[in-house]
Structures are given as C-alpha cells and as structure tokens.
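K.L.:
There's a structure below that I have some questions on.
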Amino acid sequence: MNAVRNHRIVVERRGPPDVLSWMSTQRPTPAAGEVRIRVEAAGVSGYDLMIRRHWFFGFTKTPYTPGEDLVGIVEAVGQDVTKFKVGQRVAGWTFGQGGGYSEMVIRPAETLVSVPDGLDPVVAAAIITNYLTASLALHKTAKVQSGERVLVHGAAGGVGSALLQLGNLAGLKLYGTGSEKAAGFIADNGAVPINYRTENFVRRIRELTDNGVDVVIDVVGGPRQLWRSGRCLKRGGRLMMLGMASIKKSGVSIIPLSLVTVGIIALWPNGVRLPMSPSMMSFPARNLNWYRDTLADLLAKAAEGHLRPAIAAEIPMRDAARAHAMLEEGGLVGKVVLTNFG
Ligand SMILES: NC(=O)c1ccc[n+]([C@@H]2O[C@H](COP(=O)([O-])OP(=O)(O)OC[C@H]3O[C@@H](n4cnc5c(N)ncnc54)[C@H](OP(=O)(O)O)[C@@H]3O)[C@@H](O)[C@H]2O)c1
C-alpha cells in the first residue's frame, strides 16, 4: 500500500475564490509514456478565474484541479519514457485540462520540455501560458512585421506583458493600455502607456499615430471596447480579439455581444481584418512540435535574460483561494505564481 499522499486544490462547484478547497488523494503512478512531476511552481491565470466562476460548454467539468502551466522535478517515469530522467526539471502546459495546483501531477512526456539550468522555476512557470499565447497571436495569427505599430490592451497583465516583450524582440512600435499604476511597467517594456481609466485611448492613438495602428490585440473584450479598438486601426489594419478580461467586471453576457460586434466590424467597409487566434486548448496539442519548440525557445530566452516575466506575487499553493481573490481584485502587474507545494 502506497502511504505517500498527494495534496491538491479542487473546485467542487463553480463560484467565488473560496470554492477552492484543499484535498488529500493517493499518490498517482505514471503509466507508459507518462511522467510524475513534483510541482515547484504553477501559474494562476485569468482563464483559471473564468472557468472557476462560469461553466462553458466543452470546458473542464467539476470537480477539477485548476492550473494550466506547471514546472517541477521529474519524480518517476512510466515505461518507454527515455527523454526525461528522475531529478530533471521540466515545464509544461496542460492544454486546458488543469491539474497544476497539485503537489504531484502526471503528464504525458511528449507535453514536457526541460527547463534550462539556472532558470528560476517561478520565472519558468510565468513564461508558459502567457508567452505561448502571445507568440501564437503575434507570429502565427497577426503575422506581425518588424516596424509595425501595435496597440496591446491589458498590457500590464500576464498575456499583455508577454505581448509587449515578444513585440520588442520582433521590432514592433508598441502602445499599451493599463491602469495608472501600470504606466511605469508598460513604459519599461518598450511601449507608450495609455491610461485606460482616465484617457480616451482612441483619441490618444490618433494623436500618437496620425492614421492609426497596424494591429490591435485586445484581451479585454466587450462590445464597446472592441468597437473602439477597431477605430484605432489604420485602413486595412488587423484587430485580434484574444481574451475577455472584462468578464470580471461585466459578466459573461459580453461574450455574445463581443462576437456580434466583431461581426459588424468585419462587414464595415474599411478593409479591417479580424484574424482569429486558434484556441490554446487545442492548437498546441494538435501541433506538438510547434508547442515544444516554441516553449523551449521561450525558456531559453528567459534563461538568457531576453524575456523577463513580471511576477506579481508568489503565493503558497495551500492559499490558492487568496491568489484567485488577488487576481480578481485587479491592479496587479505581472503573473501570480503558486509555490511551496510541500
Ligand atoms: N486566447 C487564448 O488562447 C488565451 C490564452 C490566455 C489568456 N486568454 C485570455 O486573455 C485574458 C487576459 O488574461 P491574463 O491572464 O493576461 O489576465 P490578467 O493578468 O488578469 O490581465 C488582464 C489585464 O487587463 C487589464 N484591464 C482590465 N480592464 C481593462 C481595460 N478596460 N483596458 C485595458 N486594460 C484592462 C487589467 O488591469 P487591472 O488590473 O487594472 O484590472 C489587467 O492588467 C483573459 O480573458 C484570458 O482568459 C486567452
């Protein structure tokens, strides 16, 4: 009988942060092709908050353990796993299946990459979801070119700050919306800060660029926001709807309203295009080579100091509810990461 227990956070029913409960379960054993990881760091994201509060068709059913990005040490390998050895540090994305808020987790070996020596596991965890999403959006979907002008909304958030840092490496001219507290951070990341709470961002972009930007990447969503984002574009520009951070304040009804709005923008005769980023729940799983190569490259760039994810807070895994409450409250700069897994 295996006496070692695994502790994890479980969402039994959807609701506010305090639905996150601490649970003790049996230690899992890896099957063929799988690896058991002792988790050192797991990211907390806007996605975790959204599916904790709301049910969406096809998304994780309760009960489930949240956590999309995780970093840890290989503790056991299943049959046929030759790529990883016990004691090695690995990182991986869980493709929308959750599981990261656990002391130990089983993952298919093919979904993991090794973490470069010297890279802090907290920093590595902050890279995974946000920088993969940003890389997919910039390079595969918007297909940005060096010198293009790009407006990033939610620029101090997890995905937004990743967009700025990768945008800098791609030679873009960047503008970023955020709160007053985030202005310094946005400027330090190479973008012109625009305060979304006190400034009219459409007017500001018109002042700064004359005819508008080439690309707007909008993680905030909502009909009014998207309509105004469209008005920031030059003729023939691209508008990418990448997220719905404003669900936090406005509720899920903004999803259909946002879709109707982008439909109207697409039909408007001003040549604006609306490239849709493929879902991060399915694209990496269907394109494992892209996923592994991109993640390994992003981690290498972080280890070399070319990418510096901001860490808003490191919270012990047992206090995951507090981490969710902090992110829900807003006003943070960077990624919240769970640590101290025991
Ligand atoms: N499509 C994909 O594959 C994908 C992947 C990952 C995430 N996402 C989505 O992207 C969204 C953002 O995720 P995240 O993890 O980056 O969240 P996050 O870290 O909470 O960042 C959201 C940011 O948006 C800011 N914000 C809120 N309202 C704003 C407004 N009206 N104008 C400008 N900025 C505003 C927030 O600032 P305050 O703190 O001041 O509120 C915060 O800095 C979520 O909806 C998430 O589900 C999509």
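The sequence shown begins at 1 in our numbering and counts up by one.
Every residue gets a Cβ at the ideal spot worked out from N, C-alpha and C, and that includes glycine.
Remember, predicted model here, so these are calculated numbers, not experimental data.
#1: Note down the Cα distance separating Val219 from Asp210, rounded to an integer number of angstroms.
#2: The alpha helix (DSSP H) that contains His324, what's its start and end?
#3: Could you check whether Tyr131 and Leu274 sit closer than 7 Å to each other, using their CB atoms as the reference points?
#4: According to DSSP, simplified to helix, strand and coil, what is Asn289?
#5: Bridge partners for Met104 per DSSP, in chain order?
#6: Kindly list the residues whose CB is nearer than 7 Å to the CB of Ser250, restricted to its own chain and excluding five residues on each side of it in sequence; keep chain order.
#7: Opposite Met23 in the DSSP bridges: which residues?
#8: Return the chain-ordered list of same chain residues with a C-beta closer than 7 Å to the C-beta of Pro63, the five sequence neighbours on each side being excluded.
#9: Go ahead and label Arg14 buried or exposed: buried means 16 or more other beta carbons lie within 10 angstroms of its beta carbon, across all protein chains shown.
#10: Which runs of the alpha helix (DSSP H), 4 residues or longer, sit entirely within the segment 145-222?
#11: Would you please state the rounded distance, in angstroms, between the beta carbons of Thr25 and Glu68? I believe it to be under 8 Å.
#12: Is there at least one non-hydrogen atom of ligand 1 closer than 6 Å to the beta-carbon of Thr133?
#13: Return the CA-CA distance between Ala170 and Gly96, expressed in angstroms with no decimal places.
#14: Which value, in whole angstroms, describes the spacing of the CA atoms of Val192 and Lys181?
#15: Once DSSP output is grouped into helix, strand and coil, what is the label at Thr339?
#16: Confirm, please, whether the CB-CB distance from Val333 to Glu314 is below 7 Å.
#17: Does the Cβ-Cβ distance between Ile106 and Glu199 come in under 7 Å?
#18: Can you round the beta-carbon distance between Ala302 and Ile194 to whole angstroms, since I take them to be within the 8 Å contact cut?
#19: The alpha helix (DSSP H) with Asp48 in it runs from where to where?
#20: How about Leu327 and Val71: are their beta carbons less than 7 Å apart?
#21: Per DSSP, what kind of secondary structure is Gly237 in: helix, strand or coil?
#22: Roughly how many angstroms lie between the CA atoms of Trp290 and Gly87, to the nearest whole one?
#23: Mapping DSSP to helix, strand and coil, what is Trp268?
#24: DSSP beta-bridge partners for Val77?
#25: How many angstroms separate the CA atom of Thr29 from the CA atom of Val77?
#26: Can you have a look at Phe185 and say buried or exposed, based on whether 16 or more other CB atoms are within 10 angstroms of its CB?
P.N.:
Taking the coordinates as given:
#1: 24 Å
#2: 320-329
#3: no
#4: helix
#5: Arg38
#6: Gly222
#7: Arg8
#8: Val10, Val11, Glu12
#9: exposed
#10: 158-169, 183-188, 201-209
#11: Actually they do not touch by this definition, with Cβ atoms about 20 Å apart.
#12: yes
#13: 28 Å
#14: 14 Å
#15: strand
#16: no
#17: no
#18: Not quite, the Cβ-Cβ distance comes to about 27 Å (not below 8 Å), so this is no contact.
#19: 46-53
#20: no
#21: strand
#22: 26 Å
#23: coil
#24: Val35
#25: 9 Å
#26: buried
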